[in-house]
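In the working numbering, the protein residues as written are 1 to 76.
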């Protein structure tokens, strides 16, 4: 189950992550939501694996992506 979550999460999150700068510039909230959902699925997969090396960076990303989106939008 955890391998399926990881595969699904990465398939959802990576395309959005590759367009992150453009997404922030365009203020594309739908793409941010896609990235957040993918990251949350990845986080759940790593938590099921009980692997802190996967949990910690993805938990930080889950918090950091919307903060960066908000901060950059505020400064434009």
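Quick reminder that beta carbons are idealized off the backbone N, C-alpha and C, glycines included. Remember, predicted model here, so these are calculated numbers, not experimental data.
For the alpha helix (DSSP H) containing residue 48, name the first residue and the last one. Looking at the DSSP string, the run of the alpha helix (DSSP H) that includes residue 48 is 29-49.
C-alpha gap between residue 48 and residue 2, whole angstroms: Approximately 6 angstroms between the Cα atoms of the pair.
Classify residue 71 as buried or exposed, calling it buried when 16 or more other Cβ atoms lie within 10 Å of its own Cβ. exposed
Residue 19 - DSSP class collapsed to helix/strand/coil: coil
Proximal residues to residue 42 (C-beta, below 8 angstroms), its chain only, five neighbours per side dropped: 5, 6, 9, 10, 13, 54 and 58
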